[in-house]
Amino acid sequence: MSSAIRRLSGAVVMSAAALTSLSAAAAGPVIDTMARIKESRTITLGVRESSRPFSFVNEQKQGQGYSVELCLAAVDEIKKELKLPELKVNYVVVTGADRIPKLQKGDIDLECGSTTNTKARQEQVDFSYTIFVAGMRVLLANGTKVETIKDLDGMTIALAKGTTSEKLFNQLNNSGEARMTLTQYANNGEAFKALREGKARAFAQDDALLLGLASKEKALDSLSLGGMAFSVEPYGIMMRKGDARLATVVDRALSRVYASGEIDQLYAKWFQTAALSIPMNRLTRDGFKRPNKEAGVAMLLGYSI
């Protein structure tokens, strides 16, 4: 091989290496929460304060609920994967508005709440397999009906900040299809309180969350859901985008819970009680039979969640 050819071959190898390095840099740093968990022997779960029966805190500020229990199943799987005898679980309360920023900053490792998997959110975070499918509706005083968009005309609607209902109802209002007064509140609890105190005629949120709140406050005899469904809301456990090792373990844990039938007992524990009865819908059941990560959709053509 001539010296000129050797020099050319060396240049090609160096160029390929440089391109590989540039591509890796463009993709951003590799995220490996599993390595940090192994070193610290600690994992931090983001939980909601008042998203019953999915995620809430007890008097000791520990996470409780359906989504939290699924996250704890993932924690057990992480312990096995990392061969850790013990793994400390910390809980941090998050809101609809700050759950994604707290995840991105590393304040939490998993978000165990009632977060809808949407196309827009997929650009910022990753989701586990679907753990529940809700539908967005409005909660109203008995005797008030919302069967069409026009039924919303003139209503004051309570919304929780950072939610898909806030986004969709602002789209509806800006389009002129329904002329409403929209009032944002910090969380579901505050929005529900506004409805109960007459500051709003309706509270827009996912149906299971609305029923969970009304059940806790023993208000199911005076409040009911509107008939119109505005969107399909598949919930997932949120993780940092690109956190591939963690995502693999979380999905493996969920697959095991689904395939073993444990999910039926867990569902019954939180959704089929003396105080609250939410039958498992077809989309939720299909998600257990065929785990998927399909994004939510608005039922109204041209609107997004």
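Mapped onto mature numbering (1 follows the signal peptide of the UniProt record, and there is no 0), the consecutive letters of the sequence shown carry residue numbers -26 to -1, 1 to 279. Backbone N, C-alpha and C fix where the C-beta goes; we use that ideal spot for every residue, glycine too.
For T16, the secondary structure class from DSSP, reduced to helix, strand or coil, is strand. Around I237, the same chain offers V231, F262 as residues with beta carbons nearer than 6 Å, after the five sequence neighbours per side are excluded.
For the set K119, K57, Y103, E85, the Cα lying nearest the Cα of R175 is the one of K119. Ranked by Cα distance from E191, the options D217, A249, A160 are led by A249. Non-local C-beta neighbours of K62 in its own chain, meaning closer than 8 Å and more than five positions away in sequence, comprise R15, T16, I17, ordered along the chain. Taking the Cα of L77 as reference, the smallest distance to any Cα among F101, E55, K93 is reached at F101.
Annotation: A218 to T7 spans about 9 Å, alpha carbon to alpha carbon. For Q158, the enclosing beta strand (DSSP E) covers residues 155 to 159. Counting every other CB atom within 10 Å of its CB across the protein chains shown gives L275 a total below 16, marking it as exposed.
Selection R22, R95, E51 evaluated against R226 yields E51 as nearest (Cα-Cα). Distance from the Cα of E33 is smallest, within the candidate group K53, Y65, L56, for Y65. Using a 10 angstroms sphere on the CB of V112, the tally of other CB atoms reaches 16 or more, which defines it as buried. The continuous alpha helix (DSSP H) containing D225 extends over residues 218 to 234. For I74, the uninterrupted alpha helix (DSSP H) segment begins and ends at 73 to 79.
Secondary structure note for R26: it is in no alpha helix (DSSP H), with a DSSP letter that is neither H nor E. Within the region 129 to 211, the runs of alpha helix (DSSP H) at least 4 residues long that lie entirely inside it are, in chain order, 138 to 149, 162 to 170, 181 to 190.
For V49, no beta strand (DSSP E) segment is defined; the enclosing uninterrupted segment is the alpha helix (DSSP H) at 40 to 56. Taking C-beta atoms under 8 Å as the contact rule, L19 and I74 fail to qualify, at a distance of about 15 Å. Residue state for R259 is assigned as helix, using DSSP reduced to three classes. Excluding residues up to 5 positions away in sequence, A152 lie with their Cβ nearer than 6 Å to the Cβ of L146 in the same chain. Looking at the DSSP output, R214 bridges to V99.
Cβ-Cβ distances below 6 Å link A165 to A132, A134, Y159, F177 in the same chain, with the five nearest sequence neighbours on each side left out; the list follows chain order. G186 has its alpha-carbon roughly 27 Å from the corresponding atom of V99. DSSP links G37 through a beta bridge to V31. The bridge partners DSSP lists for S251 are Q246.
Distance check between E55 and each of E43, A9, R170 places A9 closest, using alpha-carbon atoms only. When DSSP states are grouped into helix, strand and coil, Y65 belongs to the strand group. Under a 10 Å Cβ-count criterion, S251 is classified as exposed, with fewer than 16 other Cβ atoms of the shown protein chains found around its own Cβ.
In the three-state reduction of the DSSP assignment, R10 falls in the helix class, which pools H, G and I. Under the DSSP assignment, A115 falls in the beta strand (DSSP E) whose first and last residues are 106 to 115.
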